[in-house]
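Asker:
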Amino acid sequence: MKKIGAYSNTHSFPSWSFKFPRIVLFWHRLNRLVTLRYWYVVPKIKALVKDLPRGAKVLEVGSGSGEILFTLPKHVKLIGLDMVKDNIQMAESISQKLNRKVEFINQDFLSLEDEKFDLIYMVGVLQAIPNFEAAMNKIQGLAQVGSSLALYIPIREHSRWKLNQWLSKKIQDADYVQSHAQGKHFPLDSFNIELESRGFSLDETIITYGIFGNLAYQLYLSLNYLTQALPFALIWVSLIWWLPGFLILFLLYLLDILWPNSEGRSALILATKQRP
Ligand SMILES: C[S@@+](CC[C@H](N)C(=O)[O-])C[C@H]1O[C@@H](n2cnc3c(N)ncnc32)[C@H](O)[C@@H]1O
0 MKKIGAYSNT HSFPSWSFKF PRIVLFWHRL NRLVTLRYWY VVPKIKALVK DLPRGAKVLE
60 VGSGSGEILF TLPKHVKLIG LDMVKDNIQM AESISQKLNR KVEFINQDFL SLEDEKFDLI
120 YMVGVLQAIP NFEAAMNKIQ GLAQVGSSLA LYIPIREHSR WKLNQWLSKK IQDADYVQSH
180 AQGKHFPLDS FNIELESRGF SLDETIITYG IFGNLAYQLY LSLNYLTQAL PFALIWVSLI
240 WWLPGFLILF LLYLLDILWP NSEGRSALIL ATKQRP
């Protein structure tokens with residue numbers, strides 16, 4: 000019997016689940032409680048969208064199953080792009096269920112035609128694109144003077160607990176571990192210089208995942224790997240660790256937010272294009 004881990008890499012979902020997008024939606028909602036990007040990142044992206052005029056164009060690169068797009072204001076044109084077909088199909092079926100007008104494109108970001116957007120954002124995606132220079136060139140090509148950019152990137156090595164390193168090798172397929180789990184990190188100073196050299200001015204940098212956030216992230220990974228090791232028929236068993244786990248994660252993230260972070264594992268960078 001296939002293990003859950005066979006399907007869950009890069010947020011792709013098994014084909015049977017396309018019939019039950021509400022289950023995925025339920026997962027999105029739980030994630031909102033215990034995933035840092037919802038606490039720090041999504042409110043900032045929402046605020047940027049809110050300030051855009053009606054009909055402005057917003058592009059999420061690496062939109063997965065549309066988790067963030069579906070929470071955004073509706074007066075703009077929302078576009079999600081992802082290279083994994085399963086993700087796009089799932090996002091489309093959720094969009095139908097929610098009756099939300101979002102356009103989804105199944106394509107590699109690097110091969111996207113140059114077209115201008117008013118806001119471009121990438122959450123946890125830039126580190127997964129092997130050719131950094133090409134990705135930055137593409138971002139530059141899609142932005143016009145006045146466009147906003149929001150990038151959520153790791154700024155420290157994706158260090159993993161020994162247990163999680165071992166579990167990831169056991170459970171995930173080698174290509175995935177190679178391309179994603181060991182993900183790159185970006186030195187913040189040189190990254191900011193890079194953006195400025197490409198005509199962007201920095202508006203704000205928010206450091207996330209301090210000590211408690213990182214603890215929560217490692218715990219989240221362990222619980223996820225345990226779940227991925229289960230065969231599908233036994234998925235309910237994971238409630239034994241997810242029910243208390245969600246509460247502990249919630250409390251750890253709360254502590255992380257209350258504790259001022261001068262250093263962290265990731266950063267949200269907000270910038271505006273000032274010159275071509
Ligand atoms: C960690 S997931 C993040 C999903 C979503 N942004 C979120 O926060 O819920 C990274 C996503 O980026 C997509 N991705 C990675 N490289 C890409 C590329 N070159 N072009 C388009 N999508 C890409 C993956 O398929 C995956 O869905």
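In numbering that gives the first Met the number 0, the protein residues as written are 0 to 275.
Cβ coordinates follow ideal geometry from the N, Cα and C atoms, glycine included.
Looking only at DSSP bridge pairs, what is Lys-272 linked to?
Answerer: Beta-bridge pairing links Lys-272 to Phe-199.
Asker: How is Gln-164 classed by DSSP in three states: helix, strand or coil?
Answerer: In this structure, Gln-164 counts as helix in the three-state DSSP scheme.
Asker: Quick one: grab the DSSP three-state call for Glu-66.
Answerer: Glu-66 falls in the coil class under three-state DSSP.
Asker: By the DSSP assignment, the beta strand (DSSP E) with Ser-237 in it spans what residues?
Answerer: Run containing Ser-237: none; DSSP gives neither H nor E here.
Asker: Taking the beta carbon of Asp-188 as the centre, do at least 16 other beta carbons fall within 10 Å, making it buried, or is it exposed?
Answerer: It is exposed - the Cβ of Asp-188 has fewer than 16 other Cβ atoms within 10 Å.
Asker: Please determine whether the Cβ atom of Asn-86 lies at a distance below 6 angstroms from any heavy atom of ligand 2.
Answerer: For ligand 2, the structure offers nothing, since it holds only ligand 1.
Asker: Could you please give me the residues that DSSP links to Gly-79 through a beta bridge?
Answerer: DSSP, once it has assigned bridges, lists Glu-59, Phe-103 as partnering Gly-79.
Asker: Going by C-alpha to C-alpha distance, which of Val-122, Ile-206, Leu-225 sits closest to Ala-169?
Answerer: In the sequence under discussion, the amino acid at residue 169 is Lys, which differs from the Ala named in the question. It is Leu-225 whose Cα lies nearest to the Cα of Lys-169.
Asker: Which term fits Val-144, buried or exposed, when burial requires 16 or more other beta carbons within 10 angstroms of its beta carbon?
Answerer: Counting Cβ neighbours within 10 Å, Val-144 comes out exposed, since fewer than 16 surround it.
Asker: Taking only three categories from DSSP, how would you classify Pro-243?
Answerer: It is helical.
Asker: According to DSSP, what are the bridge partners of Ala-266?
Answerer: In the DSSP output, where bridge partners are listed per residue, Ala-266 has Ile-152, Ile-206.
Asker: As a quick exercise: from Lys-43, Tyr-120, Tyr-219, pick the residue whose alpha carbon is nearest that of Leu-80.
Answerer: Here the closest residue by C-alpha is Tyr-120.
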